[in-house]
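Asker:
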Amino acid sequence: MNLTSTAGGGPITGLPRPRRRRTDASHRGWTAAVFLSPTVLIIGLFTVVPMIMTIVISFHRWSMFTPITDMTFVGLSNYERLFADSARVQAIANTGVYVGLSVLITVPLAFIIAMLLYFPKLRGRNVVRVILFATYVIPTIAIVIIWSNIYAPGYGPLSAMIQAVGLTPPGWLSDPSWALLSLVIFNVWQMLGYYVILLVAGLTQIPEELYEAAKVDGAGLWRQTWSITIPMLSRSLVFVVLMTVINSIQVFDPIYLLTQGGPAGSTNVVSFEIQRSAFQYGQAGDASALAVSLFMLIVLVGVVLGAFTKARKR
Amino acid sequence: MTRRRIGPRALTQRVLLYALLIVVAVVPLFPLYWLVISAFKTPAEFVTIPPTWFPAAPTLDPMVSALTEVPFLQSMLNSIIIAGASTLSVLVTSVLAGYVFAKYNFRGKDLMFWGIVATMFLPPIVTLVPLYYLVSSMGLSDTYIGVLLPWLANAFGIFLMRQFIMEVPDELIEAARLDGASEFRIVWQFVVPLIKPAVVTLAVFMFVFSWNNFIWPLTILRTEAMYPVVLTLNRLMSYTMSFEYQNVVIAGALIASLPTLIVFLVSQRVFVQGIASSGVKG
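Just so you know, the sequences run in chain order A and L.
Just so we're aligned, residue 0 is where the first sequence starts under numbering that gives the first Met the number 0, counting upward by one.
Just so we're aligned, residue 0 is where the second sequence starts under numbering that gives the first Met the number 0, counting upward by one.
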């Protein structure tokens, strides 16, 4: 960042301290309180309080169509039922598959594209960067609409292209064994640019001298990538993995808009199941138990990735 | 790769790299291309098998239907109000809080800061049920205030602002204080101009996020006249299931994407850099 100081910059050592120093400090204490209060109030009331409420509700039975005073304590039974209900178990498994596939496809692909875009003296790479990122700013619903058309059997372009090379296209969203993968593909399409940008930024942080030294030692491109780029980029890579997990773990819009969890429950994921349990069936307790499980999953991933970065640092 | 004499090997490498670059550009662009051309096809052409790769007789009919058959313009306006208001509020709250976290010292500051940052990783779906309960028990369901209230401050914004404000020299702020400037004036007159790229980044990010937010308006709004454009699109999608109307839905999707695309394209240089540095510093 380029910081040019305006009026009155520069060191001020030697200047007399202001007279009302103590009053200033307490005045600043008030300022801090005033500046922070809107944020603390909003985040506290609409994020922290609901988080605590989610945990509390998860131990209760409460139909959302009745007053909250009707809530009855049921201990862990919501959690027990979570694992007894095959639809919910499937939702958890689908979420795992969706997140896993998203990470496995997105991260290597983003890495390769970032490497390509980082290549010096390649014309047009800024245009490509903008194109890649443009997909990220389009509303998910617009993306859902266009991809459901791309996947359409018959008049959809994707099936037409596959038929043109003599293959039989799958049923995409209508085929239980393809539907989840189809959703992963457009998640990758939507998010890839964001991660590419993050990785390109990470690449620019790697000191040029390391490559120079490696070249002197006769290391080729592969060797340089394995021994310099990947280790030096591990922080950015871990960040990208974490963002991909958090992003794909809460996939909701395409499921709600496109498949409603079908066909045959193959795209039912935890976030959709939470919304459906709560707002269609009114089962706030079950929904909250699922929500807490989802959150624990994120914490677990965070802890594992955190431990991984620490291990790498040593 | 350093520059060498253009031997056959280097040339092949160049050609391969450019071929790869073209693939990387075309694949993400294709769905966008498809969105645009589909919006200009006639309903009959839209469902022809095999699909046409360019509209044979481009028509504005789907666009006109999208704009007239549902209150589309009204919902665009609703989206602008909702996204604009939450963006503005997040900018103000984030700059103020970011300034305090970057330049002040008090007991429990770090705990408070990291506590707020931790909420960044909390998916909104986890708190949806109690959030709905809270907002509706405040009597705010189906109101603009209800749509906006949870999104008036945001951890990512505070994190981003703090990162950039930390780089503003302390001497500058001290000097402004000696000149008798109030803390509020210091923020707006000295700090904000210096961190303009970060402010632009946050503004674009919030605008896009808020424009695209689907699940919360879906949960809290009932009156269709108040729908943001994403909900109107959803309605258009579910009420016009027949093939002849699919391209009306697509035309709607195109119109709904334009504001965020324009905001992004206008600011992309600054925005992309800002997002990039948010990840590096993170």
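Think of the CB as a built atom: it goes at the ideal place given N, C-alpha and C, for glycine as much as any other residue.
None of the values given here were measured: they were computed from a predicted structure.
Taking the straight line between their C-alpha atoms, what separation do you get for Val-236/A and Asn-246/A?
Answerer: Start at 1 with the first residue of the first sequence, and residue 236/A comes out as number 237. Start at 1 with the first residue of the first sequence, and residue 246/A comes out as number 247. The question names Val, yet the displayed sequence has Leu at residue 236/A. Cα-Cα distance, rounded: 15 angstroms.
Asker: Do Leu-20/L and Gly-123/A have their C-beta atoms within less than 8 angstroms of each other?
Answerer: Translated into the one-based positions of the second sequence, residue 20/L becomes position 21. Translated into the one-based positions of the first sequence, residue 123/A becomes position 124. Yes, they are a contact pair.
Asker: If you run the structure through DSSP and keep just helix, strand and coil, what is Phe-251/A?
Answerer: As a first step, residue 251/A is located in the first sequence; it is residue number 252 there, counting from the start. DSSP places Phe-251/A in coil when its eight states are reduced to three.
Asker: For the structure I just gave you, are there three or more beta carbon pairs, one from the region 141-157 of chain L and one from the region 80-93 of chain L, closer than 8 angstroms?
Answerer: Output reads yes: the region 80-93 of chain L touches the region 141-157 of chain L.
Asker: Comparing alpha-carbon positions, which option in Val-102/A, Trp-29/A, Ile-144/A lies nearest Leu-230/L?
Answerer: What you label residue 230/L is simply residue 231 of the second sequence in a count that begins at 1. When only C-alpha atoms are compared, the closest one is Ile-144/A.
Asker: Classify Thr-222/L as buried or exposed, calling it buried when 16 or more other Cβ atoms lie within 10 Å of its own Cβ.
Answerer: The residue given as residue 222/L occupies position 223 in the second sequence. It counts as exposed.
Asker: Report the neighbours of Phe-158/L on chain A: residues whose CB is nearer than 9 angstroms to its CB, in chain order.
Answerer: Residue mapping note: residue 158/L aligns to position 159 of the second sequence, counting from 1. Correct list: empty, because the minimum Cβ distance to chain A is about 12 angstroms.
Asker: With 16 as the cutoff for other CB atoms within 10 Å, does Lys-40/L come out buried or exposed?
Answerer: Here the question's residue 40/L lines up with position 41 in the second sequence. Under this definition Lys-40/L is a buried residue.
Asker: Quick check: Gly-284/A and Phe-64/A, are their CB atoms within less than 8 angstroms of each other?
Answerer: Here residue 284/A corresponds to residue number 285 of the first sequence, with the count starting at 1. Here residue 64/A corresponds to residue number 65 of the first sequence, with the count starting at 1. In this structure, Phe-64/A does not lie closer than 8 angstroms to Gly-284/A by Cβ.
Asker: Scan the region 25-57 of chain A and note each continuous alpha helix (DSSP H) run of 4 residues or more that stays entirely inside, going in chain order.
Answerer: 48-57, all fully within the region 25-57 of chain A.
Asker: Going by the CB atoms, is the gap between Pro-253/A and Leu-179/A shorter than 8 angstroms?
Answerer: Numbered from 1 along the first sequence, position 180 holds the residue referred to as residue 179/A. Numbered from 1 along the first sequence, position 254 holds the residue referred to as residue 253/A. No. Outside cutoff.
Asker: Assuming Val-199/L is part of the alpha helix (DSSP H), what are its boundary residues?
Answerer: As a first step, residue 199/L is located in the second sequence; it is residue number 200 there, counting from the start. Here the alpha helix (DSSP H) through Val-199/L covers 195-211.
Asker: From the DSSP output, in three-state form, read off Ser-62/A for me.
Answerer: The sequence position of residue 62/A within the first sequence is 63, counting from 1. Of the three classes helix, strand and coil, the one that applies to Ser-62/A here is strand, per DSSP.
Asker: Distance cutoff 8 angstroms, beta carbons only. Does Gln-89/A sit that close to anything in chain L?
Answerer: If you number the first sequence from 1, residue 89/A lands on position 90. Taking Cβ atoms only, chain L never reaches closer than 8 angstroms to Gln-89/A, which makes this a no.
Asker: According to DSSP, simplified to helix, strand and coil, what is Gln-282/A?
Answerer: The sequence position of residue 282/A within the first sequence is 283, counting from 1. Here Gln-282/A sits in strand by DSSP.
Asker: With a threshold of 8 angstroms between beta carbons, is Thr-308/A in contact with chain L?
Answerer: As a working note, residue 308/A is residue 309 in the first sequence. No, because no Cβ of chain L sits closer than 8 angstroms to the Cβ of Thr-308/A.
Asker: Less than 8 angstroms between the C-beta atoms of Leu-139/L and Ile-81/L, yes or no?
Answerer: The residue you call residue 139/L lines up with position 140 of the second sequence. The residue you call residue 81/L lines up with position 82 of the second sequence. No, these two residues do not count as a Cβ contact at 8 angstroms.
Asker: Strictly under 8 angstroms for the Cβ-Cβ distance: is Asn-233/L near chain A by that measure?
Answerer: Mapped onto the second sequence, residue 233/L falls at position 234. By this cut-off, Asn-233/L is an interface position.
Asker: Who are Phe-72/A's beta bridge partners in DSSP?
Answerer: Against the first sequence, residue 72/A aligns to sequence position 73. Answer by DSSP bridge pairing, in chain order: His-59/A.
Asker: Within 10 angstroms of its Cβ, does Arg-20/A collect 16 or more other Cβ (buried), or is it exposed?
Answerer: For this step, residue 20/A is matched to residue 21 along the first sequence. Its pLDDT being 47, under 50, Arg-20/A is placed unreliably by the model, and nothing is read from it.
Asker: Using a Cβ-based criterion (distance less than 7 angstroms to any ligand heavy atom), does Gly-97/L qualify as near the ligand ZN?
Answerer: Looking at this structure, you won't find the ligand ZN or any other ligand, since it has none at all.
Asker: Within this structure, are the beta carbons of Asn-77/A and Val-268/A separated by less than 8 angstroms?
Answerer: For the purposes of this step, residue 77/A is taken as the residue at position 78 of the first sequence. For the purposes of this step, residue 268/A is taken as the residue at position 269 of the first sequence. Result no, Cβ atoms of Asn-77/A and Val-268/A do not sit closer than 8 angstroms.
Asker: For Tyr-132/L versus Thr-218/L, is the C-beta distance shorter than 8 angstroms?
Answerer: Here residue 132/L corresponds to residue number 133 of the second sequence, with the count starting at 1. Here residue 218/L corresponds to residue number 219 of the second sequence, with the count starting at 1. Not a contact, by the Cβ cut-off of 8 angstroms.
Asker: Please identify, using Cβ separations under 7 angstroms, the residues of the region 77-98 of chain L that lie next to chain A, in order along the chain.
Answerer: Residues passing the 7 angstroms Cβ filter: Thr-92, Leu-95, Ala-96, Tyr-98.
Asker: Compile a chain-ordered list of the residues in the region 96-118 of chain L whose CB is closer than 7 angstroms to at least one CB of chain A.
Answerer: Hits within the stretch, in order: Ala-96, Tyr-98, Val-99, Tyr-103, Phe-105, Ile-115, Thr-118.
Asker: Looking at the unbroken alpha helix (DSSP H) that takes in Val-89/L, where does it start and where does it end?
Answerer: Residue 89/L sits at position 90 when you count from the first residue of the second sequence. Residues 71-102.
Asker: Taking 8 angstroms as the CB-CB cut-off, is Thr-259/L touching chain A?
Answerer: Counting from 1 along the second sequence, the entry for residue 259/L is found at position 260. Closer than 8 angstroms to some Cβ of chain A, the Cβ of Thr-259/L qualifies, so yes.
Asker: CB-CB under 7 angstroms to Val-199/A, same chain, minus the five flanking residues each way: which ones, in chain order?
Answerer: To locate residue 199/A, count along the first sequence from 1; it is residue 200. Hits under 7 angstroms: Ala-113, Leu-116, Tyr-117.
Asker: When the Cα of Met-62/L is compared with those of Phe-155/L, Ser-37/L, Ala-24/L, Leu-15/L, which residue comes out closest?
Answerer: As a position in the second sequence, residue 62/L is number 63, starting the count at 1. Checking every option, the nearest Cα to that of Met-62/L belongs to Ser-37/L.
Asker: Which stretch, first to last residue, makes up the alpha helix (DSSP H) that contains Met-225/L?
Answerer: If you number the second sequence from 1, residue 225/L lands on position 226. Counting along the chain, Met-225/L falls outside any alpha helix (DSSP H), and DSSP gives it neither H nor E.
Asker: Determine, using beta carbons only, whether Phe-64/A comes closer than 8 angstroms to chain L.
Answerer: Here the question's residue 64/A lines up with position 65 in the first sequence. It does not: the Cβ of Phe-64/A has no partner Cβ on chain L nearer than 8 angstroms.
Asker: What three-state label does DSSP hand Gln-272/L in the structure shown?
Answerer: The sequence position of residue 272/L within the second sequence is 273, counting from 1. It is helical.
Asker: Return no unless some Cβ of chain A is closer than 8 angstroms to the Cβ of Tyr-244/L.
Answerer: As a first step, residue 244/L is located in the second sequence; it is residue number 245 there, counting from the start. With 8 angstroms as the cut-off, Tyr-244/L does not count as an interface residue toward chain A.
Asker: When Cβ atoms are compared, which residues of the region 141-153 of chain A fall closer than 7 angstroms to chain L?
Answerer: Residues Ala-141, Ile-144, Ile-145, Trp-146, Asn-148, Ile-149, Gly-153.
Asker: With three or more C-beta pairs closer than 8 angstroms as the rule, is the region 261-275 of chain A touching the region 186-202 of chain A?
Answerer: No, the region 186-202 of chain A is not in contact with the region 261-275 of chain A.
Asker: Just mark Gly-145/L as buried or exposed, buried being the case when its beta carbon has 16 or more other beta carbons within 10 Å.
Answerer: Taking the second sequence and counting its residues from 1, one reaches residue 145/L at position 146. Classification for Gly-145/L: buried.
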